[in-house]
Amino acid sequence: MLGTTLIILAVFLAVFAVIAIVDIVTAKKRKEVYRVKSSATAYLMLLPAIILAFLFILLPILYSLGYAFTDYYLLKPNDIKFIDIQNFKQFFAELGERGTLYHAIKNTVIFVVGVVPLQIGLALGLAIFVNRPGKGAKIFKVCFFAPVVISLSVTSYLWLQILSPSETGLLNSILGVFGAEPRDWLRDPNSAMICIIILSAWQGCGYQMLIFLSGLSNIRKELYEAASLDGASAWKKFTTVTWPGLRSTFVYIIITVFIGACRILTQPMLMTGYQDHTVTLSYYMYTQGYTYRWVGYSSAVAFLMTIFIGGVTFLQRHLLREKK
Amino acid sequence: MDKNLIKDLPNFKLNKKPASHTVKEVIYHIVGIILSLIFLFPIIYMIATSTKSESAYAASAGSISMFLPDFTNLGTALDNYKSVFTNYGIWRYALNSFLYAGIVIVLNVLINGLAGYVMAKLVFPGKRLLSFMIIFLIVVPVETSIIPLYSIVKVMLGLKQTASVIGIILPASISIFNIFLFMQFFQGVPKEYEEAARIDGANTMGVFFKVILPLSKPIIATVAVFCFIGVWNDYLWPSMILPAPGEGEWPLYPIQSALTTIQSIEGITTGEIMASLIVTSIPIFVIYVAAQKYIVQGFGTAGLKM
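Chains as they are written, first to last, in this note's numbering: chain R, 1 to 324; chain H, 1 to 306.
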């Protein structure tokens with residue numbers, strides 16, 4: 001592993017040197033000269049950033065690409081064999097057998113399809129609701145934003161108590177007043193993902209609300225006044241003024257929320273553990289790589305995930321821009 | 001007098017239909033209060049429960065007092081907090097988190113600030129490649145590389161036990177996006193400041209530390225605030241690389257990872273769990289209130305991330 005790293009480092013430095021020399025030559029042609037001392041200082045100041053970025057950003061990306069084609073087992077770092085596309089074959093084989101991977105993909109799709117519209121819809125609705133002058137609106141804004149301050153792990157543990165299967169759990173005891181039997185919300189395959197969707201949207205939507213608000217504040221007031229003069233209804237104003245004005249904000253939000261949703265991991269991990277009815281793709285990837293130590297296979301899953309997320313992001317941006 | 005008249009004019013216009021206007025206002029606020037309560041109920045429940053003993057909690061089940069603190073025993077309202085601190089030692093994990101966050105903030109500002117300054121102001125061969133790499137690495141999704149990162153930190157650097165704290169600090173100290181932020185900021189600093197310092201005989205490093213850094217307090221604050229939130233709220237990565245707390249030794253876990261440890265302690269009550277969750281959330285809450293300005297600034301730049 002160290003050997004590969006040194007090779008990558010050598011390639012990296014070689015490419016760098018070539019580009020630097022090209023820079024120096026082209027500068028000479030234009031009769032400009034790089035000052036040696038100032039260049040040296042520049043590199044000295046850049047050195048810590050370059051070392052850390054190489055080790056902790058560039059190298060993991062390159063390795064996750066490379067490992068995907070190997071049988072790397074974490075406890076045998078000196079025995080890594082290139083195994084072609086075996087990992088990807090295994091991926092699709094497991095998908096076909098409807099194993100844990102099948103559930104992981106299914107649950108991730110359910111989560112994304114549920115949480116993206118819910119969270120963005122909530123955020124947009126709340127943003128429009130508090131987008132007016134006055135003290136009340138300001139206080140409401142703070143209230144809607146409050147859950148964002150709570151971290152994902154605290155959110156998970158808090159909702160674990162709310163959804164507790166015992167009679168004294170918050171949800172069960174409230175429903176108990178109406179005579180309902182206590183239920184184990186997170187162990188029931190029918191309700192577990194729905195609960196996770198709701199609590200995730202609750203925690204996250206305040207953040208997007210603020211971004212929508214800054215988008216709303218960029219819409220010129222005259223447009224609304226003009227629409228009012230034309231006798232437009234509230235709905236008409238929304239479709240003709242607010243919506244077009246929010247287009248670029250909306251593109252940004254839908255992409256970030258989508259990527260975040262695809263990566264969901266903390267909530268199922270802390271709330272249910274590795275169960276078929278709540279496991280997600282990130283959780284599967286993490287378990288394969290960290291718990292079972294199959295770094296090679298886990299990297300292949302990560303590889304496919306990255307391609308998928310990148311592809312969908314590209315598509316979303318393309319489609320949403322075109323409609324303009 | 002005249003001034004007041006003009007000032008009142010728009011109000012007067014609005015109040016043409018005073019009755020329906022007030023009704024609308026009242027409805028707006030009622031809807032707002034209901035929505036706020038829907039949003040806040042888990043937090044209210046968390047705070048209320050943290051003041052209750054297990055029996056008081058069970059007694060409140062199914063009634064409105066689930067959302068109210070235990071008024072009958074105000075003297076014992078803070079017992080759960082005391083127990084979380086003394087019996088479960090949450091302050092040690094909090095101290096760890098503060099320590100990690102503090103070191104990360106200093107390193108992050110220094111390392112990325114230096115890099116941003118060089119990229120913004122100095123001329124040197126190879127700069128084009130580095131600018132290209134900055135743009136490329138911001139766009140490329142790095143989230144899925146946590147397992148390779150783990151293998152690099154654990155296997156290649158061979159970090160064991162105490163040394164794995166380095167694995168918390170160093171990866172968090174580099175942020176391409178922060179380099180980009182600093183770069184943008186420094187490009188806006190007029191040349192005259194540096195030239196004046198250079199005439200006084202300062203070298204590049206001197207200029208950076210004595211002239212540029214003092215000028216860049218707003219951007220440093222923004223970076224520091226987001227660093228703190230990032231380190232404080234990180235759960236997965238520390239849980240992966242740090243050893244779980246053992247008996248009788250000082251734990252290495254930061255507070256979020258420690259929540260899992262605390263949850264699994266036998267005999268912990270619901271009230272104590274809630275108290276530990278609140279203690280974990282308070283510093284972030286304080287940061288959000290105190291550093292609002294910088295967080296909003298960060299939102300403004302968040303759009304650049306695309």
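Positions of the beta carbon are idealized from the N, C-alpha and C atoms, including for glycine.
- Compare the C-beta of R/D23 with all C-beta atoms of chain H and state if any pair is closer than 8 angstroms. yes
- Task: Helix, strand or coil for H/F124, going by three-state DSSP, please let me know.
- Result: coil
- Message: Strictly below 8 angstroms CB to CB, what residues from chain H border R/S298?
- Response: I147
- Message: Could you pull the DSSP bridge partners for R/F82 from this structure?
- Response: R/T70
- Task: For the alpha helix (DSSP H) holding H/I255, just list the boundary residues, first then last.
- Result: 255-263
- Determine whether the Cβ of R/K324 lies closer than 8 angstroms to any Cβ atom of chain H. Reliability of the predicted coordinates at R/K324 is poor, the pLDDT of 45 falling under 50, and no value is obtained from them.
- Confirm, please, whether the CB-CB distance from H/P69 to R/I162 is below 8 angstroms. no
- What are the residues of the stretch 272-306 of chain R that lie near chain H, defined by any Cβ-Cβ distance shorter than 9 angstroms? S282, M285, Y286, Q288, G289, Y290, V295, S298, S299, V301, A302, F303, M305, T306
- Task: Establish whether the CB of R/P48 and some CB of chain H are separated by less than 8 angstroms.
- Result: yes
- Message: Between the alpha carbons of R/V148 and H/L40, how many angstroms are there, rounded?
- Response: 11 angstroms
- Looking only at C-alpha atoms, which of H/T76, H/I138, H/G102, H/I33 sits nearest to H/S50? H/T76
- Message: When you measure from the CB of H/V225 to every non-hydrogen atom of the ligand NAD, does any distance come out below 7 angstroms?
- Response: Judged by which ligands are present, the structure shown has none, so any question about the ligand NAD falls away.
- Message: Just checking: is the beta-carbon of H/L95 within a distance shorter than 8 angstroms of some beta-carbon in chain R?
- Response: no
- Item | Stretch pair the stretch 213-232 of chain H + the stretch 184-193 of chain H: three plus CB contacts closer than 8 angstroms | yes
- Under 6 angstroms Cβ to Cβ from H/D79, same chain only, skipping five residues before and after it: list those, please. none
- Host alpha helix (DSSP H) of H/G201 (start-end): Looking at the DSSP string, H/G201 is not in any alpha helix (DSSP H), and its letter there is neither H nor E.
- Message: Using only CA atoms, which one of H/A258, H/I273, H/T204, H/F71 lies nearest to H/L95?
- Response: H/A258
- Could you check how far apart the C-beta atoms of R/C205 and R/A123 are, in whole angstroms? I think they sit under 8 angstroms. 4 angstroms
- Anticipated Cβ contact below 8 angstroms, R/V251 with R/L223, distance rounded: Contact doesn't hold; Cβ gap of about 20 angstroms is too wide.
- Closer than 6 angstroms by C-beta to R/L246: which residues in its own chain qualify, once you throw out the five before and the five after it? Chain order, please. G215
- Message: Considering only the alpha carbon of each residue, which of R/V312, R/T287, R/N218, R/D276 lies closest to R/V257?
- Response: R/V312
- Item | Closest by C-alpha distance to R/P77, when choosing among R/G3, R/G169, R/V279, R/Q208 | R/G3
- Task: Please check if any C-beta of chain R sits within less than 8 angstroms of the C-beta of H/F39.
- Result: yes
- Query: Measuring CB to CB, does H/I90 end up less than 8 angstroms from H/V279?
  - Reply: yes
- Task: Determine whether the Cβ of H/Y57 lies closer than 8 angstroms to any Cβ atom of chain R.
- Result: yes
- Query: What's the call for R/M271, buried or exposed, on a 16-neighbour Cβ count within 10 Å?
  - Reply: buried
- Message: Please tell me whether H/T20 has its Cβ less than 8 angstroms away from any Cβ of chain R.
- Response: Per the sequence presented here, residue 20 of chain H reads as Ser, with Thr not at that position. No, no contact with chain R.
- Residue from R/P182, R/C195, R/G125 whose Cα sits closest to the Cα of R/W235: R/G125
- Item | H/V153 (DSSP reduced to helix, strand or coil) | helix
- Applying a beta-carbon distance threshold of less than 8 angstroms, which residues of chain R neighbour H/N87? Per Cβ cutoff of 8 angstroms: no residues; H/N87 is ~18 angstroms from chain R at best.
- Query: Taking 8 angstroms as the CB-CB limit, is R/T70 close to chain H?
  - Reply: no
- Message: What does the Cβ neighbour count give for H/Q161, buried or exposed, with the cut at 16 atoms within 10 Å?
- Response: exposed
- Any beta-carbon of chain R closer than 8 angstroms to the one on H/S131? no
- Whole-angstrom Cβ separation of H/I168 and H/P125, contact assumed at under 8 angstroms? With 8 angstroms as the limit, H/I168 and H/P125 do not qualify as a contact, their Cβ atoms being about 35 angstroms apart.
- Message: Is there a C-beta anywhere in chain H that falls below 8 angstroms from the one on R/G204?
- Response: no
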